Structure formats: structure tokens, C-alpha cells
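Novice:
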Amino acid sequence: MPRAKYLFCAPGGKGSGERWTTKRQRAAGSGDGTAASSPAPRCPLPATLPSRRARFFLPSSHYKQRDGASLATRRKRAVKGGKAAGAGPAARPPTAEAGTGKVKVEFRRDMGLLDIVMIGIGAMIGAGIFVLGGIASGLAGPACILAFLFNGLINIITGMTYAELGSAYPEAGGGYLWVKKGLPPPFGFVSGWISWFGHTVACSLYALGFGTYLAWLLQQYGLDPFPPGLFLSTDKILAVLIALALLYVNYRGTGTTGRSEIAFTMSKLVLLGLFIALGGVAMAHNPAAVDNLFGDFFPGGGGGILFAMALTLIAFQGYEVIAQTGEEVRDPKRNIPKAIFASLITVTAIYILMVVVLFGIVTPDMMAQAGVSSPSVYLGTAGASGELALIDVAKAAIGPVGIGVILLGGLLSTLSALNATIFSSSRVSFAMGRDGTLPAYLGELHQKRRTPHNAISASGLILVLMIVLFPIQTVAGAADVMFLVLFAITNAAGIALRYRMPGLERGFKVPLFPLLPVLGVLFNVILIYPLYLIEPLAVYIGVIWILFGGYVHYFTGARKEILETPVTIPEAAPIAEEKRARYRVLVPVALAEHRWLAEFGAAVAKERGGDLSLLKVVEIPPGTPTSAIHYRDVSDQIQAVERLEAAARDLEVDVDARLLISHEVSRTIVETARGEDADLTVLGWTGRTRVGAIMGTNLDRIVNELPGEVVMFRSDGERPPAREVTVLVSQGRHALAAAELAADYARHHRSRARLLLVSVTGEPTSVESARLAELERVFSTREVPVSRKVLRSLDFVAGVLAETAGDELLFLGAAEVRTFGRTLFGYLPDRVIRGARCPVVLVRKVAGGEGPAGRGPAAPAASG
Numbered sequence: 007m008p009r010a011k012y013l014f015c016a017p018g019g020k021g022s023g024e025r026w027t028t029k030r031q032r033a034a035g036s037g038d039g040t041a042a043s044s045p046a047p048r049c050p051l052p053a054t055l056p057s058r059r060a061r062f063f064l065p066s067s068h069y070k071q072r073d074g075a076s077l078a079t080r081r082k083r084a085v086k087g088g089k090a091a092g093a094g095p096a097a098r099p100p101t102a103e104a105g106t107g108k109v110k111v112e113f114r115r116d117m118g119l120l121d122i123v124m125i126g127i128g129a130m131i132g133a134g135i136f137v138l139g140g141i142a143s144g145l146a147g148p149a150c151i152l153a154f155l156f157n158g159l160i161n162i163i164t165g166m167t168y169a170e171l172g173s174a175y176p177e178a179g180g181g182y183l184w185v186k187k188g189l190p191p192p193f194g195f196v197s198g199w200i201s202w203f204g205h206t207v208a209c210s211l212y213a214l215g216f217g218t219y220l221a222w223l224l225q226q227y228g229l230d231p232f233p234p235g236l237f238l239s240t241d242k243i244l245a246v247l248i249a250l251a252l253l254y255v256n257y258r259g260t261g262t263t264g265r266s267e268i269a270f271t272m273s274k275l276v277l278l279g280l281f282i283a284l285g286g287v288a289m290a291h292n293p294a295a296v297d298n299l300f301g302d303f304f305p306g307g308g309g310g311i312l313f314a315m316a317l318t319l320i321a322f323q324g325y326e327v328i329a330q331t332g333e334e335v336r337d338p339k340r341n342i343p344k345a346i347f348a349s350l351i352t353v354t355a356i357y358i359l360m361v362v363v364l365f366g367i368v369t370p371d372m373m374a375q376a377g378v379s380s381p382s383v384y385l386g387t388a389g390a391s392g393e394l395a396l397i398d399v400a401k402a403a404i405g406p407v408g409i410g411v412i413l414l415g416g417l418l419s420t421l422s423a424l425n426a427t428i429f430s431s432s433r434v435s436f437a438m439g440r441d442g443t444l445p446a447y448l449g450e451l452h453q454k455r456r457t458p459h460n461a462i463s464a465s466g467l468i469l470v471l472m473i474v475l476f477p478i479q480t481v482a483g484a485a486d487v488m489f490l491v492l493f494a495i496t497n498a499a500g501i502a503l504r505y506r507m508p509g510l511e512r513g514f515k516v517p518l519f520p521l522l523p524v525l526g527v528l529f530n531v532i533l534i535y536p537l538y539l540i541e542p543l544a545v546y547i548g549v550i551w552i553l554f555g556g557y558v559h560y561f562t563g564a565r566k567e568i569l570e571t572p573v574t575i576p577e578a579a580p581i582a583e584e585k586r587a588r589y590r591v592l593v594p595v596a597l598a599e600h601r602w603l604a605e606f607g608a609a610v611a612k613e614r615g616g617d618l619s620l621l622k623v624v625e626i627p628p629g630t631p632t633s634a635i636h637y638r639d640v641s642d643q644i645q646a647v648e649r650l651e652a653a654a655r656d657l658e659v660d661v662d663a664r665l666l667i668s669h670e671v672s673r674t675i676v677e678t679a680r681g682e683d684a685d686l687t688v689l690g691w692t693g694r695t696r697v698g699a700i701m702g703t704n705l706d707r708i709v710n711e712l713p714g715e716v717v718m719f720r721s722d723g724e725r726p727p728a729r730e731v732t733v734l735v736s737q738g739r740h741a742l743a744a745a746e747l748a749a750d751y752a753r754h755h756r757s758r759a760r761l762l763l764v765s766v767t768g769e770p771t772s773v774e775s776a777r778l779a780e781l782e783r784v785f786s787t788r789e790v791p792v793s794r795k796v797l798r799s800l801d802f803v804a805g806v807l808a809e810t811a812g813d814e815l816l817f818l819g820a821a822e823v824r825t826f827g828r829t830l831f832g833y834l835p836d837r838v839i840r841g842a843r844c845p846v847v848l849v850r851k852v853a854g855g856e857g858p859a860g861r862g863p864a865a866p867a868a869s870g
């Protein structure tokens, strides 16, 4: 049976799932030890995949035949082809002739537990507490503590459903995806439609919160950058400007990565913790603190609590954003539930402490100056009807430090929440465009930047209109309505999917089923009524949007959704615990012109009795889901890797070639090398950029964290194999590793070797003579002709550069001690590789002298 040429698969299992089968496993399919003709996929795969993923298993010939065909027609072809190619009852993916090998293309899961916890917290802590906290305190009084507590409990119930479904279906789409799977077709569209609008309106709220805080700051300095008489206030103009700026950032594909989101969120948590600490000190000196909190705990009665709950629900919606990242999370069955509960518990505790501090630091003098007798009234009316209550209270009770903390925290929180939610809203509309439930242009990627530019633009239009047309409380209420409906429908979908698919593997199961999901439905529906009483316009906006969605669904053809037809994929054998015995050379390639790099890695692998692993990383913007990348988006890169693989196979070495789709190149290279237990990693540099950059990312982290030997191969392009290699003599394990590598290279290409020693006196010392003899033995054991030269020079680097100007290939080791922290291989080696006028191979070896699995290079094979 011919082998499939292209295989897209989502790594799973423990960690990032990047463990690949060994030669022994590939040979397991035949009794005589020969390789099986149809090896299992190299990473764990689910038993079935939805048809929107099935297209990734198709060979290039299939895509060439799809001109003019609808998505549904193409999927039917895919399923038909899969059945035709299958053996036995389980249909297999269509296959194509692959020649000598195949390029495996995989989606890499980039995010760990900390990444998604910070994304969830970052999306929750925004305008919900900084802008709505004062308003909610005015509605419920000190009982606002209970409002946030009850909201936290209700959202933990809904969060349980999200944890169960997110661990079972770790894909982009969130509630939209699960409702589509669990409930009849109209509900799938409705959930996606309201999820898109809810996230987009939440963006409007965060932008308005940012504009409100920034406008206050400008007013303190007597600045108003906009002329009077405009139809928009300063805070709204600033909100529109920041929204447009972040929309452009996401359109360009330069949004925040997981690491920067962690930094943003940690900064917010530190600032909030500092405010709570300062507020605690102020409470200790306020004799009215206890009376403020417990003297009149229910000034608004039970209705006030419900009003505050309905208004501030938006402060808890971040776990929907966590669900949107499901397909990029490592070990999603464990990490998604943990992230949801960790983020909800954290923000609930923070909100309660913030309310306690707000009431506890209001002094009688502050209320007297405002002409009120109740802290609830003071907070509800302070600073633009409660919107700036936190700033006013901090200013009066804590002073300039409190103002600075709250102001910086508010600006940072609303900014990062806005960016994270733009990311989420565009993903929903993009997924619906890809599925055919919204116009197809929303599902298109920008050809150059690989961002969902049309989805971002559509979300941006709604975002700006909501900012311009409605006040901040109405905007918050409209977002609340959308999420209340979405959470109710998602709980219902969770119930349906548990009954329909009881055997589905879930990383978490909702306890007390179905009681808790039913309560989740009821609580979310009930909260719509108090929201209607305080913000009826917000509910009307929600109803109008849903009715407009019905028109789109039933009268524009969007209801013709593509049928989901699963394609069965054979399960890969678990291999995570297996110890690989063969030497492994990993070569990350950036360009199709890097044939010299692939051939170098193949030559070393051949001489050391090992395998070669070619890796091409396609970096996509943070806001683009990995599932958005189709064959046509990476076909050029696949063909380039195929050519490199063919060149390496000409040297009769086993080659694994694959293309990884990821959001971060450096992390992908490092974790792939660790997952494969790579003994040697070869990094290419053409010399056209600074040494600290490779493939557009920072090389420092790659070099410092890679296991085994690390080689930097600098060349200005394709060159024939060197007839003579030069090895720079120095002390230490790095220089010895460089000599061994040079000897293997020279032996493979039947080249000569020259040892170059730079000496101030022109004569080697006893230590240097011993080193020369040691390195000569390295070459003699490999039957490589070797000569030596002692160069007299007072300037080490200048002497080396002058002597090697006409050489074919120079090998040298990294410095044993890197005295300059900003150098990768040491001060002198870095100067040599930058200034050399010949190709250079710079080697750095991990401490201990062996690779990560304890495997040194194999003994040289006999000459052929």
C-alpha cells in the first residue's frame, strides 16, 4: 500500500507530545526487520477527527482537483477517498505516492498551564472591577461582597461544564463548537453568533474603561487633546483610538504572545495586591471601617445583590477565552480544567478583597465633603457616577501612591483585557466563516501575515459602533446579556453531550450530574431579568442582535452548514517511555536554500551511525489559530523541505522530515530537541543578520537551552564539500567536540584536515603540544590525513581571520568560560564567526561530554 505523503496531526499526550517513532518501531510492521510500508502516524491522534480537519490528511493531488468545488463537495471527496484507501472496517485517509519518504506536518501545542491561567485572569480583570466596581457597590452596598461571591459560585458551576467539554474537545471555538456538536443546528449558529457579539462588546467595555482612566489622567494636568464641541467626549475618542490601535496590532499579527500575556497579568496582580495592602493599612486607621462594612450590609436588599451580579458578570467571562485556546494547550485534558478553576477562584478572591477595601477606607470626612451619609451612595456617585470610584477613593484615603497604583492598574488591566478579547472575538467569527455558518470571507487568512484580517475588521466595526453609540453601563449590560445566554446554552449542550457520548474520554467530569448543569442554565437565565430592570436598553440590544442573527441564518444561506463526517485515523502506539538507542542529529532549516545545512547534518549522522531529523517551523501570529492553516498555506514550505529531505537521503541516511506550525520558533526548536533527545543540533546562519538572531527569533535561548551538542554553521550559501577542513586548536571540551565533528565530516567526504594553533611566540607550549597530539589522534583513528600549523600572532582573532581567509571550512569550539554575558559562544569565538571570510562551524557541548540520553557518537564505521 503506498504511503501518505502529507500528514497533519495535532501532537497530544504528556507535555507537547513531540515524541516520534524510532527505527525499531518503523520496522515492527514486518517479520524480517524491514520497514513497514505504512507506518503509524508519529504522534498520538484521536480516534476520529471532525471533517474540517480531515482536509489536512489529503495529498497535494487532491487539492489540485478542487477548483470550483464547494467545501461540502470537497469533504465528500475526502471521505470517499478515505474509504477507498482504507483497509478493513476502519477507513484510512487518502494516500499518495511519496517516493522515498514523506514530510509530516503537525500543529504544535505551545501553551502550558501558566500561559492559559494568565490568559484567563487577564481577560477577566479589566473594566469589570476597575469601572463597574464602584457602580455595583452603589447598587448593593457592602452586600456587593456577596454579589461577587455568588457570581463566582455560579460561574464555577458553568466553568465545570467548560472544563469537561474543553478537556474532551480541545479545539478552537469554545462554547460555539460544543453547542454545535450537542444541540440541533439553529443553536450552534446562535451560540456562535452571540459569542462573537458578546466578546466584541466586551472589547468595547474595556476600551471605554481605558478611555475613562486616561481622560481622567489628562484632565489632572489640564490637558484636553481634542477641541471642544465634538460629538464625542474625550473618553470615547480615546477609547476609539486605543481600540483601532489594538485592532491594527492584531491585523498585523504582532499581538502578545503567551509570555508577554504572563508579564501583563502578573503586573496587574502585583498592582492589585499592592492596592489591597495599602487599603488594609488605611482601614486599620479608619474608625468607621467596621461600621461601613457591617452597619448597613443590605442597603439595596436582595434586589441590589441581583442587580450587582447581573452588571458585573462580565468580570468572570475569561474562561471562555481559555476554551478558545484549547487546540494550542499542552496536555489539555489536565490543563484546561485546572486553568479554568484557578482563574475563577483567583479573580473571585481579588474582587471580594477589593470591595472590602473600597468600603473600609471611606472615612466620615470623605462622605461629609461629598454631602452623603452612606458609603454605598458615596461609591455609587463618586467620579462620574461610580465609573471612577476607585480613583476617587484611592486619592482621598491613600494619597498619590494609591492613585498611581489604581491608575496604572486600571490602564494596564483594560488594555490587556482588550487585546485578549479581540483575539477571542476574531477567532469565533473566523471559525464560523470557515465552517460556512457566516460568509466565507470571514474565514479567510491574510495571504502574507496569516491573520484572520476580515474577521478582525468585522469585529472592529461592531466594537467602534458600540463605543460611539452607547454609554458604558449599557455596553456592559449588552455584553452581560450575551454571555448569560451563551453560558445557559453551553450548560444545556454539556448535558446533551454527556448523554449522547457517555464513553468520550474527559479530563474532568461535572459532579452531581445533571443537577449542577441544570442549575447553571437556570441561574444564567434568571440573571437576565434584574439586568433588564437596571439596563433595559442592553437587553433590547441583545434581542435585536439575536433576531438579526436569525435573518442571517435563515435568509442568507448561512444555514447550509457543512456536515461533520469523521475520518477514522489509526492510533499511534505509545512511545513516550521508550529509550531511543540511535544517535540523532536535528537540523532546523529556515530556507529552501539551506541544502548545505541538511547535507552537513546528514554527513554527521551517517558517520555516527544515527538518524537525521529535518525541522521546518512555520511561525504564525499569536491571534491566528493553528487550525486555520491549510495545506495550501504551507505547500511551498512542504515542497522545500521535501527537496532538502531528498538531498539528505542521497547520502543513505535515515531522515525524518517534518514541518511544525507554531506561534513561537525558539520554544518549538528547543522542545523538539528535548522531545527527540537530540544529540546534536545544527543551526544555520547565513551571515546576513546579527549572530543573535536566527529565523527571526532570538538565538540566545535556543543555544542556552538545547540539549547535547549545539553547532552554529555559518555559510553564505551553497558550496561543494570541503576538500580540506581547518580546526582551530584550543583547550576544553568544546574544542575537542569541534575536532571530532570535523574528523567525521572529513572522513565522510574523504577530505584532509589541518590543525591551526595560534601562539604569541610561534612555538607551542608543552600543554599546547599535548593538545595537538590529542587532536591528531582524533583524526588518525578515523583515517583522515592531518597536518598542523603554528601561527605566530599577538592578536588571536586577527591572526585567525587572516590565516583562514581562503579556507574552505573552519571548525572551532566555544569558549570554556563566557566572560561577556551577551555572547553566545564566548567573546573570541563570536568575533571569529562574525568576521571570518570562510564558512565556519562553531561547536558547543553540554557539560558531561555526552548527549541528553547518555549516548556519545557511535564508533566510526569501517571505510566503505
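Take 7 as the starting number for the sequence shown in my numbering and just add one per residue.
Just so it is clear, CB atoms sit at the ideal spot from N, CA and C, and this is done for glycine as well.
Please read all numbers here as calculations on a predicted model, not as lab measurements.
Less than 8 Å between the beta carbons of Ser239 and Ile473, yes or no?
Specialist: Working through the sequence shown from its first residue, we reach residue 239 at position 233. Working through the sequence shown from its first residue, we reach residue 473 at position 467. Not in contact: Ser239 and Ile473 (Cβ atoms no closer than 8 Å).
Novice: For Ala329 versus Gly181, is the C-beta distance shorter than 8 Å?
Specialist: Looking up residue 329 in the sequence shown gives position 323. Looking up residue 181 in the sequence shown gives position 175. Yes, Cβ-Cβ distance for Ala329 and Gly181 is below 8 Å.
Novice: Specify the secondary structure class of Leu417 as computed by DSSP and reduced to three states.
Specialist: Working through the sequence shown from its first residue, we reach residue 417 at position 411. Residue state, collapsed to three classes: helix.
Novice: Could you please give the first and the last residue of the uninterrupted beta strand (DSSP E) stretch that includes Glu715?
Specialist: Taking the sequence shown and counting its residues from 1, the one referred to as residue 715 is at position 709. First-last of the beta strand (DSSP E) with Glu715: Glu715 to Arg720.
Novice: Which ranges does the alpha helix (DSSP H) cover as unbroken runs of at least 4 residues, wholly within the stretch 787-847, from first to last along the chain?
Specialist: 802-809 and 833-841
Novice: Residues in the same chain with beta-carbon distance under 6 Å from Phe365, minus the five sequence neighbours each way, listed in chain order, please.
Specialist: In the sequence shown, the residue the question calls residue 365 occupies position 359. Taken in chain order, the residues that qualify are Pro148, Asn298, Leu299 and Pro381.
Novice: By alpha-carbon positions, which one of Tyr751, Leu807 and Pro770 ends up nearest to Val784?
Specialist: Sequence index remark: in the sequence shown, residue 784 carries index 778 (1-based). Answer by Cα proximity: Tyr751.
Novice: Helix, strand or coil: how does DSSP classify Leu763 here?
Specialist: On the sequence shown, residue 763 is found 757 positions in, with the first residue counted as 1. DSSP places Leu763 in strand when its eight states are reduced to three.
Novice: Between which two residues does the alpha helix (DSSP H) holding Gly228 run?
Specialist: For the purposes of this step, residue 228 is taken as residue 222 along the sequence shown, with counting starting at 1. Premise fails: Gly228 is in no alpha helix (DSSP H) and is neither H nor E.
Novice: Measuring alpha carbon to alpha carbon, tell me which residue in Gly285, Pro628, Ala804 and Leu155 is nearest Glu670.
Specialist: Residue mapping note: residue 670 aligns to position 664 of the sequence shown, counting from 1. Comparing Cα positions, the closest option is Pro628.
Novice: Measuring CB to CB, does Phe873 end up less than 8 Å from Val733?
Specialist: In the structure displayed, the chain extends from 7 to 870; residue 873 sits before or after that span and is not available.
Novice: Would you mind sorting Lys851 into buried or exposed? The rule is 16 or more other CB atoms within 10 Å of its CB.
Specialist: For the purposes of this step, residue 851 is identified with residue 845 of the sequence shown, where counting begins at 1. So Lys851 ends up on the buried side.
Novice: Closer than 8 Å, CB to CB, is Phe303 near chain B or not?
Specialist: The question asks about chain B, but that chain is absent: this structure has only one protein chain.
Novice: For Leu879, count neighbouring C-beta atoms within 10 Å of its own C-beta (all shown protein chains included) and say buried if the count is 16 or more, exposed if not.
Specialist: With the chain covering 7 to 870 only, the question about residue 879 has no answer from this structure.
Novice: Assign Gly87 to one of three DSSP states: helix, strand, or coil.
Specialist: As a working note, residue 87 is residue 81 in the sequence shown. For Gly87, the predicted structure reports a pLDDT of 42, less than 50, and the residue's modelled location is therefore unreliable. A value from the coordinates is still provided. Three-state result, Gly87: helix.
Novice: Can you tell me whether DSSP reads Glu170 as helix, strand or coil?
Specialist: Taking the first residue of the sequence shown as position 1, residue 170 is located at position 164. Here Glu170 sits in helix by DSSP.
Novice: Please state if the CB of Ala133 and the CB of Gly215 are separated by a distance shorter than 8 Å.
Specialist: Walking along the sequence shown from the start, residue 215 turns up at place 209. Walking along the sequence shown from the start, residue 133 turns up at place 127. The answer is yes: Cβ separation under 8 Å.
Novice: Starting from the Cα of Ser721, find the closest Cα among Arg664, Glu651 and Gly841 and give me that residue.
Specialist: Residue mapping note: residue 721 aligns to position 715 of the sequence shown, counting from 1. Minimum Cα distance to Ser721 is reached at Gly841.
Novice: Report yes if the CB atom of Ile127 is closer than 8 Å to the CB atom of Thr352, and no otherwise.
Specialist: The residue you call residue 127 lines up with position 121 of the sequence shown. The residue you call residue 352 lines up with position 346 of the sequence shown. The answer is yes: Cβ separation under 8 Å.
Novice: Among Ala403, Val327, Thr674 and His559, which residue has its Cα nearest to the Cα of Pro192?
Specialist: Locating residue 192 in the sequence shown gives position 186, counting from the first residue. The shortest Cα separation from Pro192 among Ala403, Val327, Thr674 and His559 belongs to His559.
Novice: Quick one: Cα of Glu584 to Cα of Gly681, how far?
Specialist: For the purposes of this step, residue 584 is identified with residue 578 of the sequence shown, where counting begins at 1. For the purposes of this step, residue 681 is identified with residue 675 of the sequence shown, where counting begins at 1. Here the model assigns Glu584 a pLDDT of 37, short of 50, so the residue's position is not dependable, and the following value carries that caveat. Cα to Cα, the separation comes out at about 12 Å.
Novice: Given Ala868, which residues of its chain have a CB within under 7 Å of its CB, disregarding the five upstream and five downstream residues?
Specialist: Mapped onto the sequence shown, residue 868 falls at position 862. Bear in mind that the predicted position of Ala868 carries a pLDDT of just 41, short of 50, making it unreliable; the figure below should be weighed with that in mind. Taken in chain order, the list of residues that qualify is empty.
Novice: Should Ala749 and Ala741 be called a contact, given that it needs their Cβ atoms to be closer than 8 Å?
Specialist: Stepping through the sequence shown from its first residue, residue 749 is reached at position 743. Stepping through the sequence shown from its first residue, residue 741 is reached at position 735. No, Cβ-Cβ distance for Ala749 and Ala741 is not below 8 Å.
Novice: Report buried or exposed for Val407, applying the criterion of at least 16 other Cβ atoms within 10 angstroms of its Cβ.
Specialist: Residue 407 sits at position 401 when you count from the first residue of the sequence shown. With fewer than 16 Cβ atoms within 10 Å of its Cβ, Val407 is classed as exposed.
Novice: Taking just the CA atoms, how far does Gly509 sit from Ile550?
Specialist: Your numbering for residue 550 matches position 544 in the sequence shown. Your numbering for residue 509 matches position 503 in the sequence shown. One alpha carbon belongs to Ile550, the other to Gly509, and they sit about 39 Å apart.
Novice: Could you tell me if Arg649 is buried or exposed, where buried requires 16 or more neighbouring beta carbons within 10 angstroms of its beta carbon?
Specialist: Against the sequence shown, residue 649 aligns to sequence position 643. Label assigned to Arg649: exposed.
Novice: Do you know offhand how far Asn341's Cα is from Met718's?
Specialist: Counting from 1 along the sequence shown, the entry for residue 341 is found at position 335. Counting from 1 along the sequence shown, the entry for residue 718 is found at position 712. Using only the alpha carbons, I get a separation of about 36 Å.
Novice: Whose CA, out of Trp199, Leu171 and Ala174, lies closest to the CA of Phe554?
Specialist: Within the sequence shown, residue 554 is the residue found at index 548, counting from 1. Checking every option, the nearest Cα to that of Phe554 belongs to Trp199.
Novice: Apart from the five residues on each side of it in sequence, which residues of its chain come closer than 6 Å, Cβ to Cβ, to Ser422?
Specialist: For this step, residue 422 is matched to residue 416 along the sequence shown. Answer for Ser422: Gly128 and Phe270, listed in chain order.
Novice: For Ala33, which of helix, strand or coil comes out of DSSP?
Specialist: Translated into positions along the sequence shown, residue 33 becomes position 27. Unreliable placement is indicated for Ala33, whose pLDDT of 40 sits below 50; no coordinate value is reported for it.
Novice: Going by DSSP, what residue range makes up the beta strand (DSSP E) through Gly690?
Specialist: In the sequence shown, counting from the first residue as 1, residue 690 sits at position 684. Looking at the DSSP string, the run of the beta strand (DSSP E) that includes Gly690 is Leu686 to Trp691.
Novice: Which class does Ala653 belong to by DSSP, given the choice of helix, strand or coil?
Specialist: As a first step, residue 653 is located in the sequence shown; it is residue number 647 there, counting from the start. Helix at Ala653.
Novice: Note down the Cα distance separating Pro338 from Ala679, rounded to an integer number of angstroms.
Specialist: The count along the sequence shown starts at 1 and reaches residue 338 at position 332. The count along the sequence shown starts at 1 and reaches residue 679 at position 673. Computed Cα separation, rounded: 22 Å.
Novice: Where do the N-terminal and C-terminal ends of the alpha helix (DSSP H) with Ala743 fall, by residue?
Specialist: Locating residue 743 in the sequence shown gives position 737, counting from the first residue. The continuous alpha helix (DSSP H) containing Ala743 extends over residues Arg739 to His755.
Novice: How is Pro99 classed by DSSP in three states: helix, strand or coil?
Specialist: Looking up residue 99 in the sequence shown gives position 93. Confidence at Pro99 is low in this model, with a pLDDT of 30, below 50, so the placement of that residue is unreliable and no value is reported for it.
Novice: Mapping the DSSP letters down to three states, classify Ile131 as helix, strand or coil.
Specialist: Sequence index remark: in the sequence shown, residue 131 carries index 125 (1-based). Residue state, collapsed to three classes: coil.
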